[in-house]
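**Student:** One point on numbering: in the numbering used here, the residue at position 250 of the sequence shown is 230, and numbering is uninterrupted.
For each residue, glycine too, the CB sits at the ideal point set by N, CA and C.
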Amino acid sequence: MSDPSPALPAGRKLRVAFITTSMIVGGQERVLMDVCNGMDRDRFEVALLLTKDRGPLCDFVEEPKTQVVEDFRRGPLGALFALGRLTRWMKKWKPDCVFTVGLGDKFLLGRIAAKRAGVPVILSGLHCTPGPEHVGRTILGRWNKKFMHLNSGVTTVTEDLADYLVEQEGYPREKTHVIPNGVDCERFHPHEAPQALREELGIQPEHRVASIIAALRPEKRHDLFLQAARQVVDKLPQARFLIVGDGPSRPDFELLAGELDLEQHVQFLGSRHDIPEIQALSDVVCLASTDVESAPICMLEALASGRPQVATAIGGIPKIVADGETGLLAPPGDVPALAQAITRILSDDELAQSMRAASRTRALEQFSVEFMVRAHERLIEDLYKAAR
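#1: Compute the beta-carbon to beta-carbon distance between E234 and F248, rounded to the nearest angstrom, for a pair I have assumed lies under 8 Å.
#2: For I300, tell me which candidate among L28, R201, L145 and T138 has the shortest Cα-Cα distance.
#3: F205 to L236, Cα distance in whole Å?
#4: Can you give me the Cβ contacts of I(-1) inside the same chain, cut-off strictly under 6 Å, excluding the 5 residues immediately before and after it?
#5: Sorted by chain position, which residues of the same chain lie with C-beta nearer than 8 Å to R34's C-beta, five sequence neighbours on each side aside?
#6: Is L83 helix, strand or coil by DSSP?
#7: Under a Cβ-count criterion, where at least 16 other Cβ atoms within 10 Å of its own Cβ denotes burial, should L60 be classed as buried or exposed?
#8: Taking the DSSP output, what are the residues bridged to T136?
#9: For P100 and A310, which I take to be in contact (beta-carbon distance under 8 Å), what is that distance rounded to the nearest angstrom?
#10: Please name the residue, chosen from G307, T135, D254 and G18, that lies closest to P174 on a Cα-to-Cα basis.
#11: Please report the distance separating the alpha-carbon of G(-9) from that of D76.
#12: Taking the alpha-carbon positions, what's the C38 to C16 distance?
#13: Mind checking which residues open and close the beta strand (DSSP E) that includes L28?
#14: Let me make sure I understand the geometry here. Which of P228, I360, D241 and A27 has the alpha-carbon closest to that of W73?
#15: Run through the DSSP bridge pairs and tell me what T46 is partnered with.
#16: Since H339 and R287 are thought to touch, with beta carbons under 8 Å apart, how far apart are those beta carbons, to the nearest angstrom?
#17: What number of angstroms, rounded off, separates the C-alpha of I193 from the C-alpha of R65?
#18: Comparing alpha-carbon positions, which option in V272, C278, G304 and S285 lies nearest I294?
#19: When you compare each of G6, G18 and M13 to E357 by their alpha carbons, which one comes out closest?
#20: Look at the Cβ atom of E361, then the Cβ atom of L(-6), and state whether they are nearer than 8 Å.
#21: Taking the beta carbon of A176 as the centre, do at least 16 other beta carbons fall within 10 Å, making it buried, or is it exposed?
#22: Name the residue from T31, P36 and R68 whose alpha carbon lies nearest to the alpha carbon of G58.
#23: Using a Cβ-Cβ cutoff of less than 8 Å, which residues in the same chain neighbour L359 once the five nearest sequence positions on both sides are dropped?
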């Protein structure tokens, strides 16, 4: 481990400003929340800049320990003026490191603003293989790629994603750093779901619950999850399905649930603050993505909560879900295989119990949030030392 802040004057802490769009209920946002909350305040001052609104997860960011500044894109021409607002804020606060999280305009504007403000370390966290916002494919993506020279480094969550960025996008290997996602094993732990939650959702003792916890966006393929749910219900009428999260595709998925005659079996819960309790209520936690995943947080939270997982074998998922041990993997896009895996876990109590125990053990041994936070701290300190 490097010496804490070796290039800093005695008594001064490194100032780190993270930038994202909004703290919606999503995987990279939950990682960002844990990093902001977990960084050592004896060595760091932390700010969280939100180009839009706060979002529901912001309620779990520990303020004022983390300074939260929002709405840089306010007004009808917000995107046009966001760069100037970000630059002015940075010149006033004087961060030592600006760390953008995710693709899109904050990836571009955050780095340009940091350069204009004279910030010595500029980092970007890319948590998944780019889909619609492919780094070098769209107009915005091409501009993002054009400004990669501004970066001191880029972080990814898997070796596969790092290889993709180097081999397909041309990122410098020496500037690409892998920091695996971690999960808070104290917040997420095996426990009984509160009776009040069961009553709120109408979950009876005979019901078996499968949940999907993910933003309702096309790439998460809730349509495949719903099609699988239809097949599961045909074999297990007592099955119930919880869809947790929100997003632009929610109306389409609600319509599909109706077309599949699943109204009595599926609930759309929207964004929730009680994800640990939702995990505890679930007999299996699912993910149906077909081409865009790296190290999904919902699967890590399921491990820590001791809940079996069913997911598609893409990206970094097979390195989280131990097939046949903590859960079951299905080929991407294979609805019958997805349905069969869910049905098997919901109908086999002995298998489910074995997977619950193995999941908790795997989380504790391999996916610590403390390791993830310390790795971010070391990288920021090392790059700051090199920049001075």
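**Tutor:** With the structure as the only source:
#1: 6 Å
#2: T138
#3: 11 Å
#4: L29, T80, K86 and G90
#5: S2, M3, V48 and E50
#6: coil
#7: exposed
#8: V158
#9: Not confirmed; about 46 Å, so no contact.
#10: D254
#11: 15 Å
#12: 11 Å
#13: F24 to L30
#14: A27
#15: V26
#16: For clarity, residue 339 is Ser in the given sequence; the question names His instead. Going by Cβ atoms, the distance from S339 to R287 rounds to 6 Å, so yes, they are a contact pair.
#17: 34 Å
#18: V272
#19: G18
#20: yes
#21: exposed
#22: T31
#23: L103, G133, T135, H157 and I159
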